Each structure stands twice: as C-alpha cells, then as structure tokens.
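As numbered in our numbering, residues 3 to 290 make up the sequence shown, in order.
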Amino acid sequence: MASNNMQDIKRRIKSVRSTEHITNAMKLVSAAKLRKAKAAFERTSKNFHFIIEAIESVFNNADEVPEKYLPGNRETGKTCYIIVTSNRGLCGSYNSNVIKEAERGILGDPEKPALIAIGSRGRDYFDKRGHDIRCEYLGPPEAISFLEAKEICKPAIGMYDSGEVDEVRLVYTSFVNTLEQRAKSVTLLPFHIEHDPEVIKHERQVEYEPSVEEVFNYLVPKYVEIKVYGAIVESATCEHAARRMAMENATDNAREMLENLSLFYNRARQAAITDEIIEIVAGSEAQK
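Right, dumping it as structure tokens:
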C-alpha cells in the first residue's frame with residue numbers, strides 16, 4: 003500500500019515539476035514581451051497625445067462642426083462595437099473582463115449591434131452567440147501597423163456615415179500599471195465636445211478650405227483611427243502584463259504543490275520504512 007502510494011506521489015511530483023518549468027518559461031517570455039510592448043505603448047501614447055490634443059482643439063474652437071458628428075443629431079438605435087481581445091488564453095481574466103464590458107453595452111442596446119472583432123477570443127465568443135461580426139483582425143496585436151488599424155476602422159466609419167449605425171463604441175483594456183489593467187468602453191462617434199470655459203477661443207477667424215464639412219470629414223476618421231490604434235497597442239501591453247502575472251501565480255502555486263507533495267512523499271517513505279522494520283522485528287521474534 004505504502005509503495006503504491008509513493009509511486010503515485012512520485013508521478014504527481016514529476017507532472018507538477020514539468021508544469022512549473024513550463025509556466026516559469028512562459029512568465030519569462032511574457033516579461034520580455036511586456037518590456038517591448040510597454041516601450042511601444044509609451045512611445046505611441048506620447049506621440050498620439052499631441053495629435054489627439056490638436057484635433058480636439060480644432061473641435062473645441064469650431065462653431066460649425068457638422069451635426070452628424072455631434073450627439074443628439076439622430077436617434078440612438080444601432081451601435082457598432084470595436085472589441086479588442088487577445089488571440090491566446092492563459093492571461094487571467096484579461097479576455098473575460100473585456101467581453102463582460104462589451105456585453106453590458108450590447109444587452110442594453112435596443113437593436114442588434116454590429117461588431118468588429120480584434121482578437122480571436124472575442125470573435126469566437128460572440129460568433130457562437132450569433133452576433134453580427136462585420137470585420138475581424140486576428141494578427142498579433144503587438145505587430146499591428148497603423149495602416150492595418152485604418153483598414154479595421156473603415157467598416158465602422160462607413161456604417162456611421164451611411165446612417166446604418168448611430169454610435170461607434172470601442173471596448174478595450176486600459177493599462178494602469180503592470181499589476182492592474184481595467185476593461186474600458188469609450189464612445190468614438192458621435193464626438194462629444196467638452197468646451198472648457200477657461201479656454202478663450204482665438205479672436206482671429208479661422209477659415210476652412212475647401213469647407214468646414216470637408217475638413218471634419220477628414221479629421222474625424224483620423225481621430226477614430228488613432229484612438230483605435232492606440233487602444234490596440236495599449237491592450238497588447240495589458241495582455242502581456244496579465245499573462246506574466248497569471249504565469250507567475252501559476253509558477254508559485256506549482257512550487258507550493260511541490261513542497262506539499264515532497265512532504266507527503268517523505269511521510270509515505272517513512273511509513274514504508276517503519277512497516278519494513280516492524281516486519282523484520284516480527285520475523286526475528288517468530289524464529290526464537
């Protein structure tokens with residue numbers, strides 16, 4: 003009995019030790035990818051911050067923004083969701099948090115929404131539930147280019163301009179720090195302009211060529227493309243941070259299991275030795 007128990011514990015120790023090696027290796031890989039993704043995110047956010055500020059300043063200083071880009075110009079009906087998830091698992095609650103955040107909005111919509119899925123996890127989840135997926139991007143999020151992000155945004159902007167959808171929302175994961183990431187939902191269109199009363203508009207009259215509408219028809223899609231590209235880069239950073247944390251926790255759990263199994267093994271080995279000693283003593287006494 004003790005011998006069989008020891009063999010079972012040894013097999014389990016071997017299995018757990020193998021798992022610990024795998025999770026530790028994945029943690030190191032994720033840590034390396036996180037450093038690269040975080041550096042790319044910081045560069046991107048720094049550059050895009052100035053671009054977005056410049057575009058928003060134009061919006062805030064303009065008195066003739068086309069009505070189609072402002073809230074309240076049409077009834078809130080169908081919505082297009084751009085949902086950013088990962089292509090792989092083993093990253094804790096990263097994907098489930100984004101999916102839950104998207105579902106909260108989808109369940110409250112009066113009409114069936116159109117979805118643009120970035121990442122296979124979100125695509126598979128909503129596809130199985132019969133949602134209308136108009137476009138998908140399944141490449142590595144950290145390797146996406148701005149031109150690819152532009153192509154992803156085209157269907158959403160096209161649906162909004164044609165009046166097929168009345169709102170475009172972006173659901174992604176916001177990077178707080180390496181230990182904390184939050185699922186976030188933001189409205190891209192219509193564009194909500196927050197006029198700052200402390201900001202004094204330029205006294206000079208700004209002329210838009212060829213027209214105000216043409217300028218905004220160019221600026222608004224660029225704004226959406228920049229926001230989506232930045233969200234994808236930020237989500238990639240969050241994914242690697244979440245996976246590193248998940249693999250670190252898995253490695254710690256495996257090591258704790260190894261300690262407990264080693265203790266059980268030693269106890270079983272001592273019990274087997276005690277049984278053998280008892281048998282030897284009993285045999286020697288029987289010969290007397």
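Just so it is clear, CB atoms sit at the ideal spot from N, CA and C, and this is done for glycine as well. Note that this is a predicted model, so its numbers are computed, not measured.
Taken atom to atom, the span from the alpha-carbon of Y96 to that of S20 is near 25 Å. Taking 8 Å as the cut-off, the beta carbon of V226 is found closer than this to the beta carbon of L191.
For L172, the three-state secondary structure derived from DSSP is strand. By the 16-neighbour rule on beta-carbons within 10 angstroms, L265 is exposed. A direct Cα-Cα distance of roughly 57 Å separates A288 from A27. For V100, the enclosing alpha helix (DSSP H) has its first and last residue at 96 to 109. Around the Cβ of I234, a 10 Å sphere holds 16 or more other Cβ atoms; the residue is buried. DSSP places I54 within a helical segment (H, G or I) once states are collapsed to three. Leaving aside the five residues that flank V222 on each side, the residues in its chain whose CB is nearer than 6 Å to its CB run, in chain order, Y71. DSSP places V230 in the helix class (H, G or I) of the three-state scheme.
When the Cα atoms are used, L140 and S17 turn out to be separated by approximately 33 Å. Spanning the alpha carbons of S176 and C240 requires a straight line of approximately 7 Å.
Secondary structure note for L92: it is in no alpha helix (DSSP H), with a DSSP letter that is neither H nor E.
Taking 8 Å as the cut-off, the beta carbon of G132 is found no closer than this to the beta carbon of N89. When DSSP states are grouped into helix, strand and coil, S213 belongs to the coil group. In the DSSP assignment, the residues bridged to N179 are E182.
Here K114 is not near D129, since their CB atoms are 8 Å or more apart. Counting along the chain, I120 sits inside the beta strand (DSSP E) bounded by residues 116 to 120. Within the model, the alpha-carbon separation for V178 versus G94 is close to 16 Å.
Closest in alpha carbon position to K35, among D168, P143, K12, R106, is P143. A direct Cα-Cα distance of roughly 36 Å separates I15 from G124. Annotation: the region 132 to 167 contains the following complete segments of the beta strand (DSSP E) (minimum length 3 residues), in chain order: 134 to 139. Residue pairing by DSSP places L191 opposite V170 in a beta bridge. Taking the C-beta atoms as reference points, Y83 is found no nearer than 8 Å to I101. The C-beta separation of E103 from V173 comes to about 5 Å, placing the pair in contact by the 8 Å criterion. Judged by their CB atoms, G79 and D168 are nearer to each other than the 8 Å cut-off.
A straight-line Cα-Cα distance of about 14 Å links M8 and N262. If you compare the alpha carbons of A185, E236, F52, E250 with that of A145, the shortest gap goes to E236. Here R13 is exposed: its Cβ has fewer than 16 other Cβ atoms, across all protein chains shown, within 10 Å. Contact between M247 and L149 is ruled out by a C-beta separation of about 32 Å, above the 8 Å threshold.
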